[in-house]
Amino acid sequence: MDAAPSGLTADTTTVAALAARDEATFARLVDHWASAMFRVARSHVSTDASAEEVVQDTWLAVLRGLDRFEGRSSLRTWVFRILVNTAKTRGVRERRTVPMSALAPAETGPTVDPDRFRDADDAYPGGWKVFPAPWPSPDHGVLGRDARTVVVEAIRELPDRQRAVVTLRDVHGFGPDEVCTMLDLSPGNQRVLLHRGRAAVRARLERHFGATARWGATP
Amino acid sequence: MTDSLTCAELVELVTDYLEGALEPAARRRFDEHLAVCLGCEDYLDQIRATIATAGRVTPDDLDPVARDRLLATFRDWAGSDPKV
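Keeping their order, the protein sequence lines are chains A and B. Heads up, the first sequence is in my numbering, so the first residue is 1 and it goes up one at a time. Heads up, the second sequence is in my numbering, so the first residue is 1001 and it goes up one at a time.
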């Protein structure tokens, strides 16, 4: 994520500005963090409205507790810790029963259609029948605006947990350890959810670009 | 070559590969396959492009923030709580 106010000196300055009621500083933090905060909260509570309230309550707790920020962790870590605690408390109250720690049956199995690979009795079992079609050359690794719209739609349609992991890892740029902590996931399950989510988004892009290969592995 | 990877197996390991979570032997098999398989090389490139493109998504397009409401909360707090 674009962690704009970085470093402990910057954090101390930021906290001082907040304590001095500087709204521009608050607005900047909201612009950088609130979207990710919502997604983290949403993974612990039952509804979007509830997650929005968690974000709201968290900011209020942050503002009221500014004098308790000691700079031992980064401001971002501190804010997200308050967020997770607030969200979990609320999730328990809502008796949200889906445990984040276990994988559902729908979260196992191949991420690429098995039909795209050769059968066991083939000379090359498990090999591509037809190679994935090449995509337009990305500009510095990034696909164009249309592709970005497809990615947004694809992420929106992911199951909740995959959506949360892909959003936090790939859109906001949080590290795997942070995501495990924020979403109560084991490192292995975090990778599984990331894997499934990314594969689904790639598949959507593939449909967008057209799956017809110009050349393939089939002789 | 009984322990070589198939394409179907490789596509399920791309995230572990990119995350550096593969054991050295598994990573070597992955690299060996990649070196000779254009299809899997493209697949991995496409996953990389997917990740990079997600990195350029505007977070607000995914999860719009109730900015005005949060700023109102700030103003309420700033107006009511005594300064620290």
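C-beta: ideal position from N, C-alpha, C; glycine also. Remember, it's a predicted structure, so these values are computed and weren't measured experimentally.
{"Asked": "Residue 198 of chain A classed as buried or exposed, judged by whether at least 16 other C-beta atoms fall within 10 angstroms", "Found": "buried"}
{"Asked": "Residue 112 of chain A (DSSP reduced to helix, strand or coil)", "Found": "coil"}
{"Asked": "For residue 38 of chain A and residue 1065 of chain B, believed in contact at Cβ under 8 Å, the rounded distance", "Found": "7 Å"}
{"Asked": "Interface flag, residue 1062 of chain B vs chain A, CB-CB below 8 Å", "Found": "yes"}
{"Asked": "Top-ranked residue by Cα proximity to residue 160 of chain A, from A/35, A/140, A/30 and A/43", "Found": "A/43"}
{"Asked": "C-beta neighbour in chain B for residue 120 of chain A, strict 8 Å", "Found": "no"}
{"Asked": "The stretch 1043 to 1061 of chain B touching the stretch 1012 to 1024 of chain B, judged by at least three CB pairs closer than 8 Å", "Found": "yes"}
{"Asked": "Partner residues on chain B for residue 221 of chain A, Cβ-Cβ distance less than 8 Å", "Found": "Only positions 1 to 219 of chain A appear in this structure, which leaves residue 221 of chain A out of reach."}
{"Asked": "Spatial distance of residue 72 of chain A from residue 84 of chain A (CA atoms)", "Found": "18 Å"}
{"Asked": "Residue 154 of chain A versus residue 1080 of chain B - alpha carbon distance", "Found": "43 Å"}
{"Asked": "Alpha-carbon spacing of residue 15 of chain A relative to residue 1006 of chain B, whole angstroms", "Found": "54 Å"}
{"Asked": "Anticipated Cβ contact below 8 Å, residue 1070 of chain B with residue 56 of chain A, distance rounded", "Found": "7 Å"}
{"Asked": "Positions along the stretch 170 to 186 of chain A whose CB lies within less than 9 Å of some CB in chain B", "Found": "170, 171, 172, 173 and 176"}
{"Asked": "Residues of its chain near residue 212 of chain A, where Cβ-Cβ distance is below 7 Å and the 5 sequence neighbours each way are ignored", "Found": "In this predicted model, residue 212 of chain A has a pLDDT of only 46, less than 50, meaning its place in the structure is not dependable enough to derive any value."}
{"Asked": "Contact list for residue 28 of chain A against chain B, beta-carbon separation under 8 Å", "Found": "By Cβ distance, chain B contributes nothing, its closest Cβ being about 11 Å from residue 28 of chain A, past 8 Å."}
{"Asked": "Whole-Å CB distance - residue 111 of chain A paired with residue 28 of chain A, under 8 Å assumed", "Found": "About 38 Å separates the two Cβ atoms, so there is no contact after all."}
{"Asked": "C-beta atoms of residue 1018 of chain B and residue 1033 of chain B nearer than 8 Å", "Found": "no"}
{"Asked": "Residues that residue 128 of chain A bridges to, as DSSP identifies them", "Found": "A/117"}
{"Asked": "Straight-line Cα distance separating residue 36 of chain A from residue 91 of chain A", "Found": "18 Å"}
{"Asked": "Backbone secondary structure at residue 146 of chain A - three-state DSSP", "Found": "helix"}
{"Asked": "From A/164, A/171 and A/61, residue whose alpha carbon lies closest to that of residue 41 of chain A", "Found": "A/164"}
{"Asked": "Within-8 Å CB hit, residue 162 of chain A to chain B", "Found": "no"}
{"Asked": "Closer than 8 Å to chain A by CB, residue 1030 of chain B", "Found": "no"}
{"Asked": "As assigned by DSSP and simplified to three states, the class of residue 1068 of chain B", "Found": "helix"}
{"Asked": "Nearest neighbour of residue 1067 of chain B, chosen from A/75, A/63 and A/34 [CA to CA]", "Found": "A/34"}
{"Asked": "Nearest-angstrom Cβ-Cβ length linking residue 1049 of chain B and residue 135 of chain A, presumed shorter than 8 Å", "Found": "7 Å"}
{"Asked": "For residue 1015 of chain B, the first and last residue of its enclosing alpha helix (DSSP H)", "Found": "1014 to 1018"}
{"Asked": "Contact with chain B by residue 11 of chain A, beta-carbon distance below 8 Å", "Found": "no"}
{"Asked": "Extent of the continuous alpha helix (DSSP H) run through residue 163 of chain A", "Found": "160 to 166"}
{"Asked": "Per DSSP, cross-strand counterpart(s) of residue 139 of chain A", "Found": "A/142"}
{"Asked": "Residue 162 of chain A and residue 193 of chain A closer than 8 Å at C-beta", "Found": "yes"}
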